[in-house]
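Protein chains in written order, with our numbering: chain A, 1 to 315; chain B, 1001 to 1250; chain C, 2001 to 2425. Positions of the beta carbon are idealized from the N, C-alpha and C atoms, including for glycine. Predicted, not measured: the structure shown is a model, and the values here were computed from it. Worksheet for the structure shown next.
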Amino acid sequence: MEVFVVSLLNGLVYGMLLFMLASGLTLILSMMGVLNFAHASAYMLGAYFAYTISQYIGFWPALVIAPLLCGLVGAAIEMWGLRRVHRNGHIAELLFTFGLALIIEKAVQMTWGLLPVPYRVPALLDFPLFSIYGTHFPAYRAFMLLISALMFGAIWLGLTRTRIGLVIQAALTHPDMASALGHNVPRVFTLVFAAGTALAGLAGVIGGNYQVTEPAMAFTMGPIVFVVVVFGGLGSLLGCFIASILMGLIQTFAVVFDVSLADLLARFGFIVTKDTPFAEVLTVTLPRVGALLPFLMMVLILVFRPRGLMGTRDT
Amino acid sequence: MSAPAVELKAVTKSFGRTEIIRGVDLSIPRGERHAIIGPNGAGKTTLFNLISGRFPVSSGTIAVNGRSTAGLAPQEINRLGLSRSFQITSIFPRMTVFENIRCGLLWSQGYRYSFWHLLGGQKKLNDAADALLERLKLGDRRNLPAGLLSYAEQRALEIGITIAGGAEIILLDEPTAGMSNSETDAAVELIRSVSEGKTLLMVEHDMSVVFGLADRITVLVYGEVIASDVPAAIRGNAAVQEAYLGTVAA
Amino acid sequence: MSLVRRHWVWLLALVVLLAFPFLFFDWSKGRHSGFVLTLMSEIGVMAIFALSYNMLMGQAGLLSFGHAVLLGLGAYCAAHVVNLVKAGTIWLPTELVPLAGGLGGMFFGFVLGWLVTRQRATAFAMITMGLGELVSAAALMFMGFFGGEGGISIDRVMDTSLFGVAYTSPWQVYCLVLAWAFIAAMLMRLQTQTPLGRIANATRDNFERAQFVGYDPRIVRLLQFTLSGFFAGIAGGLYVLIYEIVTFDTVSAAKSANALLAVYIGGAGGFFGPILGTIVVVLLQSGVSLLSNAWLLYVGVLFIVMVMYAPGGLIGLIFMHVPIWRIGRLRELLLPYARAFPPALMVMLGFVLLVELLSFTTIGAAQGKKFAIGGNVIDTTAPLPWLIALAALVLGALWIRREARGFRERWDALIEDAKRQGVVS
Chain A
1 MEVFVVSLLN
11 GLVYGMLLFM
21 LASGLTLILS
31 MMGVLNFAHA
41 SAYMLGAYFA
51 YTISQYIGFW
61 PALVIAPLLC
71 GLVGAAIEMW
81 GLRRVHRNGH
91 IAELLFTFGL
101 ALIIEKAVQM
111 TWGLLPVPYR
121 VPALLDFPLF
131 SIYGTHFPAY
141 RAFMLLISAL
151 MFGAIWLGLT
161 RTRIGLVIQA
171 ALTHPDMASA
181 LGHNVPRVFT
191 LVFAAGTALA
201 GLAGVIGGNY
211 QVTEPAMAFT
221 MGPIVFVVVV
231 FGGLGSLLGC
241 FIASILMGLI
251 QTFAVVFDVS
261 LADLLARFGF
271 IVTKDTPFAE
281 VLTVTLPRVG
291 ALLPFLMMVL
301 ILVFRPRGLM
311 GTRDT
Chain B
1001 MSAPAVELKA
1011 VTKSFGRTEI
1021 IRGVDLSIPR
1031 GERHAIIGPN
1041 GAGKTTLFNL
1051 ISGRFPVSSG
1061 TIAVNGRSTA
1071 GLAPQEINRL
1081 GLSRSFQITS
1091 IFPRMTVFEN
1101 IRCGLLWSQG
1111 YRYSFWHLLG
1121 GQKKLNDAAD
1131 ALLERLKLGD
1141 RRNLPAGLLS
1151 YAEQRALEIG
1161 ITIAGGAEII
1171 LLDEPTAGMS
1181 NSETDAAVEL
1191 IRSVSEGKTL
1201 LMVEHDMSVV
1211 FGLADRITVL
1221 VYGEVIASDV
1231 PAAIRGNAAV
1241 QEAYLGTVAA
Chain C
2001 MSLVRRHWVW
2011 LLALVVLLAF
2021 PFLFFDWSKG
2031 RHSGFVLTLM
2041 SEIGVMAIFA
2051 LSYNMLMGQA
2061 GLLSFGHAVL
2071 LGLGAYCAAH
2081 VVNLVKAGTI
2091 WLPTELVPLA
2101 GGLGGMFFGF
2111 VLGWLVTRQR
2121 ATAFAMITMG
2131 LGELVSAAAL
2141 MFMGFFGGEG
2151 GISIDRVMDT
2161 SLFGVAYTSP
2171 WQVYCLVLAW
2181 AFIAAMLMRL
2191 QTQTPLGRIA
2201 NATRDNFERA
2211 QFVGYDPRIV
2221 RLLQFTLSGF
2231 FAGIAGGLYV
2241 LIYEIVTFDT
2251 VSAAKSANAL
2261 LAVYIGGAGG
2271 FFGPILGTIV
2281 VVLLQSGVSL
2291 LSNAWLLYVG
2301 VLFIVMVMYA
2311 PGGLIGLIFM
2321 HVPIWRIGRL
2331 RELLLPYARA
2341 FPPALMVMLG
2351 FVLLVELLSF
2361 TTIGAAQGKK
2371 FAIGGNVIDT
2381 TAPLPWLIAL
2391 AALVLGALWI
2401 RREARGFRER
2411 WDALIEDAKR
2421 QGVVS
């Protein structure tokens, strides 16, 4: 039971982190039609910026400054890069962000080195919040939950209560609308792109010390975020939310349950031996395939629901 | 007594809460040139999209050559012998004019998804494509990427792709839209010649084209058929005049 | 004789490629340069791979981020086949091992393609990326088929050659690679001229229109994907023969990215673009990576510059000159090019210097390397080299902007003339 509660909380923390990344990606993708490959790079930049800033003036200023820096980087990318590439079509935009992701990774390697940097949880939050049956739940994770919850409150208010938010919402469900909005479309695009990047940066700030801050973090996180977006369905923030939480829970619980397909079959009286066909696939335990699960889920949803959980449109 | 080429029974189509097509019955016998007219937003193009399988119907049935098209994909309806053109020019812009036409021919000539025929050596196919290009008066544009053609030429190519497969039933969506007078005349001649002996269904705004070509005319207003008759009768129909001119007949 | 006249480009290429390694032949020892042969074999394999990628990207408009999966799975199949032949279970000539890889690639192309070709455009890109991750993760996890981290090793000397060749030397392997590269390239070239190849173009241009001429775009995509898997698998089979080992990095995202970079830098439009791109990328990879940590950065920057300024790739840039060449006035571009050259060189050197300075202060220092140009060690902590690099970059950029204006005027005038003479369509 205690394992269950802690895993549930951990899964929630990870799921919210994923949603912070995936929501920005979905917004950018749905509105601008740009599949932003550099999105996870912004996550990485957020973590590295926060690391450097926290070395000089501490974690708390970094929590604000690093996402803003990421937002600025995003705005610059949109204004001087994407807009130019835009007339060559969506594929060119996608390729542009892909090249950007490569360059950012190398640039990070060259600035901060190949090895992980010691970006740590601030001392103020470095204590177990509570423990159930001897399992600690760190205060920092609770803080992560709080930050992401606050963030979503803010986004939700922004999307439902402001004029620009309504425009963005409309463009989400009716992408053609975006072109009918009139003269400030470029500004809306820049804003959405910058906001999405800043959000990814924030995720990096709070996720970088929860996981590891290293140059490969963008390329390990990127595909999972893509899977979340595909799984949730393109153009649906709600689907994206459900998919993120689900993915977070699945990944955390997979580590806990040390079972394999063979164990399952054994319950039905079917014993897997070394000579059984596909014995290796059947006997591999769940924690070992944890990393595979998101992608397996993606394949499954594609077979049964090609548009994703709540998707309303193709591509 | 053969089945009509296209037959619609109580067809409706809704997008969300708006009902665009509200119970249309229409029967087009084989060999007829039939025009659908009506004010903007009457649902003419939507009707085409339903017949050609681009959208599924909300209710009612559509039959092509007596066969129900329910659940069929556009390509399957096409293989029943029905081919359509688009109001907004829909060609293969990066391929040459010749390739565009040849793509229209491939399926009907039985090549299917073959990756073992070399197209260069298919004399019958290539001759057919070239012959059609001549008919379309696009012979001298043969090797140009289709995206570089002028608007009228692209419209001609659009018709060319549509008829290339030798479909028995041809749906043309505003074939002369945006053309100058002389271009329209040329297009009408082209349509007349390519629809010889076939069933033609077209949406058109230009009344001279409609009355010059059609054997029968259907008037669609707000998703409903208000009249379907020979041109002379349509001309004198009070309801049609009201719909078009906005005059209250009574 | 007409055969020679029609295919002289291919024949010429074959002769050049056979003769080229002899430029590096060590006559004193009487043997080939192993490095050059391996490099050229690598180029051959990657060229097949890039061409097979172009069957998706250039021909069908499908942007895959997991194409290496087909290469790698083909390679694993070929490796297992070789080991079976070695064990005497089955018989297969060494020369046909790539075919085994091809059939493996084709099989997986069909199975995986069945999953991914339901989608196109952006969703296709995301899903192929996910699939790539799935297979790479699986490759590390399952010992039986993938051999885990160690991969599957083979011994290519099998005594089953059709021509009695032992394949003990890189030269023999190179000849085999060359033969297969030509066969595969020619088959792929021919495929573009089949009904499927053309309809793939049609679905790329306008998938909805393709439906209304009777074709199911999904089946077109699936068949194209399967065939592309066949050729990628051939590349995989050759890969196994060259390196005698196949590990999980053959299915990795980095390999997939290589194909994408090569095809786009070379130019996805034509048939020769991907080959050109492969040569550039492999040379950068093998050549620059010996000197610098940052080869991927240079490839990335080259890629972005291409995406932003030359979407047609290198081949596209070359072909832009054709109309001017046709009116016989290519010479008039010599001066503008000559004038643009110094600032371009300046920007490039400034950029490279800056990147290398940065790279040596962090990565290089960590590896205990020193930044040296021609034997002179450069102190990366001193401000002077940084200032020089920055100045070269900024001044060069300003200068090139000035030159660009003059160049553009000249260029536009020439193109205008070519248009007037009816050379440009």
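At a cut-off of 9 Å between beta carbons, B/M1095 contacts chain C. By the 16-neighbour rule on beta-carbons within 10 angstroms, C/I2373 is exposed.
Using beta-carbon distances, C/V2220 counts as an interface residue toward chain B, with a partner under 9 Å.
Your pair C/V2263 and C/M2046 does not check out as a contact, with CB atoms roughly 11 Å apart and the cut at 8 Å. Per DSSP, C/P2385 has no beta bridge partner at all. At a cut-off of 9 Å between C-beta atoms, A/A291 counts as an interface residue with respect to chain C. Under the Cβ criterion of 9 Å, A/L100 is counted among the residues facing chain C. Interface with chain A (9 Å Cβ-Cβ cutoff): C/P2311 is included.
For B/V1194, the secondary structure class from DSSP, reduced to helix, strand or coil, is helix. The Cβ atoms of A/G15 and A/G196 lie no closer than 9 Å to each other. Cβ contact annotation for A/G207 (same chain, cutoff 6 Å, sequence separation greater than five): L17, in chain order. Comparing alpha-carbon positions, the option among B/G1223, B/M1207, B/R1030 lying closest to B/L1082 turns out to be B/R1030. Per the Cβ contact rule, the region 218-232 of chain A is in contact with the region 287-301 of chain A (3 or more Cβ pairs under 8 Å).
B/N1100 sits close to B/L1157, with the two beta carbons spaced by under 9 Å.
Chain-order list of chain A residues neighbouring C/Y2053: empty, with the shortest C-beta distance near 13 Å, by a criterion of under 7 Å.
Listed along chain C, no residue sits closer than 8 Å to B/N1181 by beta-carbon distance, the nearest being about 28 Å off. In the three-state reduction of the DSSP assignment, B/S1059 falls in the strand class. Contacts with chain C (Cβ-Cβ distance below 8 Å) from the region 109-124 of chain A involve Q109, M110, T111, W112, G113, L114, L115, listed in chain order. Each of A/L286, A/H86, A/L100, A/P116 was checked against the Cα of A/A254, and the nearest Cα belongs to A/L286. Among the residues of the region 1077-1095 of chain B, those with a Cβ less than 8 Å away from any Cβ of chain C are N1078, R1079, S1083, R1084, F1086, S1090, I1091, F1092, P1093, R1094, M1095, in the order of the chain. Excluding sequence positions up to five before and after A/L265, its CB lies within less than 8 Å of the CB of I271, V272, L282, all in the same chain and listed in chain order. One thing to note: B/V1006 has its Cβ no nearer than 9 Å to the Cβ of B/I1021. Not a single CB atom of chain A sits nearer than 9 Å to the CB of C/L2393. With fewer than 16 neighbouring CB atoms inside 10 Å of its own CB, B/R1235 falls in the exposed class. For the region 41-58 of chain A, the set of residues with a beta-carbon nearer than 7 Å to any beta-carbon of chain C is empty.
C/A2391 and C/A2125 have their alpha carbons spaced roughly 40 Å apart.
For B/R1022, the enclosing beta strand (DSSP E) starts and ends at 1018-1028. Every unbroken stretch of the alpha helix (DSSP H) spanning 4 or more residues and falling wholly within the region 1168-1218 of chain B is given here in chain order: 1181-1194, 1207-1213.
Your pair C/F2065 and C/M2129 checks out as a contact, with CB atoms roughly 4 Å apart and the cut at 8 Å. With its beta carbon less than 9 Å from one in chain B, C/T2194 belongs to the interface. The alpha helix (DSSP H) runs of length 4 or more contained entirely in the region 31-119 of chain A are, from start to end of the chain, 39-56, 59-77, 90-112. Straight-line measurement puts the Cα of C/W2091 at about 8 Å from the Cα of C/T2160. When the beta-carbon positions are compared, B/K1198 and B/A1167 come within less than 9 Å of each other. When DSSP reads this structure, A/D126 sits in no beta bridge, so it has no partner. For A/G74, no CB of chain C lies under 9 Å from its own CB, so it is not counted at the interface with that chain. With 16 or more other Cβ atoms inside 10 Å of its own Cβ, C/L2223 counts as buried.
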